[in-house]
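To convert, note that position 453 of the sequence shown is 453 in my numbering; the numbers rise steadily by one, no gaps. What follows is a set of notes on a single structure, which appears directly below.
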Amino acid sequence: MFKIVIIRVILSDIQKNCYDAEGLRAEMEENGRLVQFLYNEDREVVAEKDCSGNIIRYIRGLGLISSDSENAKTYYHYVSDEQGSVSHIIRDEDKESGVSAQGREQDRILNQYEYDAFGNTISCKEQVENRFRYMGEQYDPLTGQYYLRARYYNPVIARFTQEDTYYGDGLNLYTYCRNNPILNHDPTGHGTKENSPYSRKEQQYIDAGADPDTAKLAAQCYPDANSKQDLYNKYKSQGYNATDAKKLANYEIVHGEERAKNYAANNLKKSGPDYTATSPRDNVNTDWRTQERLNAQKKASNSQLMPMNLQFFAAKGDESGSKSGSNTVYSYDGVKQVSEYLQSQGVPRAYRKQILESFDVETIKLQTAGESTYGLRFYGGNANAEGRYLFETFSPLTNRQNLALPYEWNSMTGIQQFQVRNGTTMITGKAAAQKSFGSQYIGGANQWYINNLEDLIKCR
């Protein structure tokens, strides 16, 4: 269900905000130009679809790191100050040629911002559009306000434009950061937090056990995300979950590889291929089939299917357990067809049942992908970067409730686009509800299942 709020700034400017069931702004229309957003579990924007249909992906760590889109010829990297405000946007090398822009390093700076303590823009130089500014929050140019999810903040008056829903934090319910944004910050619009005397990068190493001097040195030695990401990927590939892999990456930077190994051996446990707690069908380490058998069976089954062209998908993570509706009597032709297909692929009965029950059985059927079938996969937590479940994206049903994605399955902190290989068999239908995790997980979004991960081509 969507709530729509229309704001008329002046006679010629109209902004229309549309909110989803979680109260997040899922759509915004500025003078007829529609923009749609998708959020992660921390209520941060991880994907955006602009009025031309271009999808922008945002990569986040402790803050906004970089962005990428199909139309952009390069990647954009965000530089933030100690408050977390975006101060510069820098272009990367050309995506096709891999060649960096020629000329001075200064020429790589596309956008540059300066703010006062309360977020008023002192200077702004822009070559590319950008909505993330002060404190890394979304800036609405028509209203001149910042969207902090719970409320809107106006830097001109240094106040929120709506009162705080919590009445125990003082008499003035509109104040921002207790009138001191240097020592405090408000990441949600719901509560003020004291700033750490250390930078965000330094704080993560202090949390890993470093003293302040070592943390400062580590932050200087690892100024970009790439080197740390390599360490994270190393531990993730060894079987550690996302939280532990991030912890070990920080620990190795601070204490070295040997001590990190000892710490991991004594304190952490590898998740490894999971056959019970989360769906093994979405774990890349789980396979019962030989590739030769797969190819032969796929060729035989695909010849009987009708083609289908799907434009965009959002992926489903490592779903755990079986879906709701386990007592359903399957009497539909689609269920029978899908079950026979999965059996021909060598999928064990227990997993066939689990896959079938992940769909609304009245809607399940087999189809094949066309030449231009692309999918967005969201992952994080227990969800791998590669997986077999896909969803139609940027529709009114693109939210955690209709996707029926509990946080235990997918934290949705990462995003990756894939192309589905032409002719690939797809199980399609609507997602079943997951009310055992909460009444809000009602399902209903269009869902796809790709049995063979080799049919997913990673887009760069």
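Ideal placement from N, C-alpha and C gives every residue a C-beta, glycine not left out.
Nearest Cα to isoleucine 55 within the set Val45, Asp455, Ser80, Lys236: Val45. In terms of Cα proximity to leucine 356, the closest of Lys193, His190, Ala369, Leu342 is Leu342. CA-CA distance, tyrosine 449 to tyrosine 176, rounds to 46 Å. Sequence-distant Cβ neighbours of valine 128 in its own chain, meaning closer than 7 Å and more than five residues away, are Tyr76, Ile89, Leu110, Asn111.
Taking 8 Å as the cut-off, the beta carbon of alanine 432 is found no closer than this to the beta carbon of phenylalanine 391. Straight across, the Cα-Cα distance linking lysine 336 with glutamine 238 is about 38 Å.
Straight-line spacing of the CA atoms in aspartate 186 and threonine 424 works out to 47 Å. Fully contained in the region 348-409 are the following alpha helix (DSSP H) runs of length 4 or more, in chain order: 349-356, 400-403. Tyrosine 113 has its alpha-carbon roughly 7 Å from the corresponding atom of lysine 125. Cβ neighbours of asparagine 422 within its own chain (closer than 8 Å, five residues either side excluded): Ala369, Gly370, Glu371, Thr373. Residue environment: valine 361 is assigned as buried (16 or more neighbouring CB atoms within 10 Å of its CB, all protein chains considered). Arginine 149 and valine 347 have their C-alpha atoms some 43 Å from each other.
Distances from the CA of asparagine 180 to each of Asp230, Tyr407, Glu202, Asp116 were compared; the closest alpha carbon is that of Asp116.
Look at lysine 16 here: in three-state DSSP terms it is strand. In the three-state DSSP reduction, serine 339 falls in the helix class (H, G or I). In this structure, the CA atom of tyrosine 153 is about 10 Å from the CA atom of aspartate 140. Cβ contact annotation for serine 80 (same chain, cutoff 6 Å, sequence separation greater than five): Gly63, Val86, in chain order.
Spatial neighbours of asparagine 71 in its own chain (CB-CB distance under 6 Å, excluding positions within 5 residues in sequence) are listed in chain order as Asn54.
The alpha-carbon of tyrosine 19 is positioned some 22 Å away from that of asparagine 410. In the three-state reduction of the DSSP assignment, methionine 135 falls in the helix class. By the neighbour-count criterion, in which a residue is buried when 16 or more other Cβ atoms sit within 10 angstroms of its Cβ, alanine 383 is buried.
Per the coordinates, the alpha-carbon of glutamine 138 lies some 32 Å from the alpha-carbon of isoleucine 457. DSSP places glutamate 27 inside the beta strand (DSSP E), whose first and last residues are 25-30. In this structure, phenylalanine 378 keeps its C-beta atom at 8 Å or more from the C-beta atom of lysine 430. Rounded to whole angstroms, the separation of the alpha carbons of methionine 412 and phenylalanine 418 is 16 Å. Under the DSSP assignment, threonine 243 falls in the alpha helix (DSSP H) whose first and last residues are 242-255. Residue pairing for serine 69: DSSP places it in a beta bridge opposite Ile56.
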